Amino acid sequence: MRFRGRAAIVTGASRGIGRAVALALAREGAAVVVNYARNADAAREVVRAIAGDGGRAVACRADVSRTAGARRLVAAALRHFGRLDVLVHNAGFTARRSWRVRLEDLDERDWDGAMAVDAKGAMLCARAAAPAMRKGGGGAIVNISSAAALQGDETLLVYSGAKAAVAGWTRNLARALAPSIRVNAVAPGSIATGWIRDWKLTKRDLREILSGTPLRRIGTPEDVAHAVCYLASDEAQYVTGQVLVVDGGVYMP
């Protein structure tokens, strides 16, 4: 119960990695604000799952690319739980048409959309959360970047660019908010969150991915959630400004 008595915000928590993070934090005692942008039913299901395990959670619709949305999340945490200790910025946006597209065919609207949610959202949420965290004695911020942002991926120009911005922002923010607030990031690799279906990957595609992964498996959202919980916990109290890669060993700098 590393987070007993603490409150957390998880952006983009209605599905995938965000859902797994919200559930993991709640299992370890955190009261959780489950943020969503559109799918209220999915967010409420996460809240019900947390309540079913004896935890506390509330769903909060907010557009993290806007100042008002970020402030709404912090206000929800303070109103329902009286404090804010952990912020996990997981929300992300990548237009499907921007996948596997050449530079000359990129639509700048797709670039702007990804940067607004991923990078600008990370800034706005941190800016809104920091005063509440400081008032409570400190806290931890964990951003979700991507292994693709660290090693480059010509098939994900928009996504990798936005996630690289998140990684850079994490390091800058860690210096800006030290020593009271620690800031780190997790960079997932191939995680089973629906992209296999969305990309219409064949068995051959999957074999190629696995052959290049030393641990020989696709990751799970829970793999990422475990890393997030570590970085957000007191076990990582001497860790800040780091990007923890969770990709089965593909990226080894």
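Counting along the sequence shown from 1, when you hit position 136 you're at 1206 in the working numbering, and nothing is skipped either side. The beta carbon of each residue, even a glycine, is placed where N, CA and C say it ideally should be. Model, not experiment: these values are computed from the prediction.
Can you give me the Cβ contacts of Arg-1287 inside the same chain, cut-off strictly under 8 Å, excluding the 5 residues immediately before and after it?
Closer than 8 Å at Cβ, skipping near neighbours: Leu-1280, Gly-1318.
Which of the three DSSP states, helix, strand or coil, is assigned to Arg-1131?
Under the three-state reduction of DSSP output, Arg-1131 falls in the strand class.
Does the Cβ-Cβ distance between Leu-1220 and Tyr-1321 come in under 8 Å?
It is a contact, given that the beta carbons lie within the stated cut-off.
Beta-carbon proximity list for Gly-1282, same chain, < 7 Å, skipping 5 on both sides
If we look at Gly-1282 and ignore the five residues flanking it on each side, its Cβ neighbours are Val-1320.
Do Ala-1217 and Ala-1248 have their C-beta atoms within less than 8 Å of each other?
Not a contact, by the Cβ cut-off of 8 Å.
So, are the CB atoms of Ile-1251 and Arg-1204 less than 8 Å apart?
The answer is yes: Cβ separation under 8 Å.
Considering just the uninterrupted stretch of the beta strand (DSSP E) at Tyr-1321, what are its terminal residues?
No beta strand (DSSP E) contains Tyr-1321, which DSSP labels as neither H nor E.
Where Val-1253 and Asn-1242 are concerned, what is the direct C-alpha to C-alpha distance, given to the nearest angstrom?
Using only the alpha carbons, I get a separation of about 9 Å.
Assign Tyr-1308 to buried or exposed, taking buried as 16 or more other Cβ atoms, counted over all protein chains shown, within 10 Å of its Cβ.
That one is exposed.
Tell me, please, which residues DSSP counts as bridged to Val-1080.
Beta-bridge partners assigned by DSSP to Val-1080: Val-1104, Val-1158.
In whole angstroms, what is the alpha-carbon distance linking Val-1158 and Ala-1165?
Answer to the nearest angstrom: the Cα atoms are 22 Å apart.
Just checking my contact of Pro-1291 with Ile-1266 at CB under 8 Å: how many whole Å lie between their CB atoms?
Approximately 13 Å separates the beta-carbon atoms of Pro-1291 and Ile-1266; this is outside 8 Å, ruling out the contact.
In terms of alpha-carbon separation, which member of Glu-1305, Ala-1147, Arg-1126 lies closest to Ala-1132?
When C-alpha distances from Ala-1132 are compared across Glu-1305, Ala-1147, Arg-1126, the shortest belongs to Ala-1147.
Should the region 1112-1130 be regarded as contacting the region 1090-1098, the criterion being three or more beta carbon pairs within less than 8 Å?
The region 1112-1130, when compared against the region 1090-1098, does touch it at the 8 Å Cβ threshold.
If you draw a straight line from the alpha carbon of Val-1080 to that of Ala-1140, how long is it in whole angstroms?
Taking the Cα positions, Val-1080 is about 11 Å away from Ala-1140.
Exposed or buried, what is Thr-1272 when buried is set at 16 or more other beta-carbons lying within 10 Å of its beta-carbon?
Under this definition Thr-1272 is an exposed residue.
On the three-state DSSP scale, how would you describe Pro-1284?
Here Pro-1284 sits in coil by DSSP.
As a quick exercise: from Lys-1190, Asn-1160, Val-1171, Ala-1100, pick the residue whose alpha carbon is nearest that of His-1150.
Taking only the C-alpha atoms, the option nearest His-1150 is Ala-1100.
When the Cβ atoms of the region 1108-1120 are set against those of the region 1073-1090, are three or more pairs found closer than 8 Å?
Three or more pairs of CB atoms, one per stretch, sit closer than 8 Å, so the region 1108-1120 contacts the region 1073-1090.
In chain order, which continuous runs of the beta strand (DSSP E) of length 3 or greater are located wholly inside the region 1257-1316?
The region 1257-1316 contains these whole beta strand (DSSP E) runs: 1313-1316.
In the region 1141-1195, which residue ranges form an unbroken alpha helix (DSSP H) of at least 4 residues, counting only runs that do not cross its ends?
You should have 1178-1184.
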